[in-house]
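Undergrad: Can you keep this structure in mind? I'll have questions shortly.
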Amino acid sequence: MNAERKYLVLLAPIISEKSTMVQQQSNQFVFKVARDSTKLEIKSAVEKLFAVQVLSVQTCNYLGKEKRMGRHVGHRSSWKKAYVRLAEGSSIDYGVA
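Just so it is clear: in the sequence shown, position 8 is 65 by this note's numbering, and no numbers are missing.
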């Protein structure tokens, strides 16, 4: 993978009730990732950026919804989410206060 590509694959961590529950139960972390990224790119980006060992990656594609504001029609953009399972003893600190 290109050295610059690892910074373009991971867009943002997803912090919600579900992602916190998954993190506590099965040591999985949830990220919003680039739509064209592959599981291998996501795995290597997380390993290089956070210095952890990744066991598996699961991805979900979400299609953007059509939204209306009166008679005007808009469309939300489509996006991709990745569940990254880390090895036992590994953890990621987002630095959120």
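Note that beta-carbon positions come from the ideal geometry of N, C-alpha and C, so glycine has one too.
Keep in mind it's a predicted model, so treat the numbers as computed, not measured.
1. Where do the ends of the beta strand (DSSP E) carrying S113 lie?
2. What is the DSSP secondary structure of M58, counted as helix, strand or coil?
3. Look at the Cβ atom of K63, then the Cβ atom of K105, and state whether they are nearer than 8 Å.
4. For K105, does the three-state DSSP call read helix, strand or coil?
5. Would A157 and F88 be called neighbours here (beta carbons separated by less than 8 Å)?
TA: A quick look at the data gives this:
1. 111 to 119
2. coil
3. yes
4. helix
5. Here the chain has residues from 58 to 154 only, and residue 157 is not among them.
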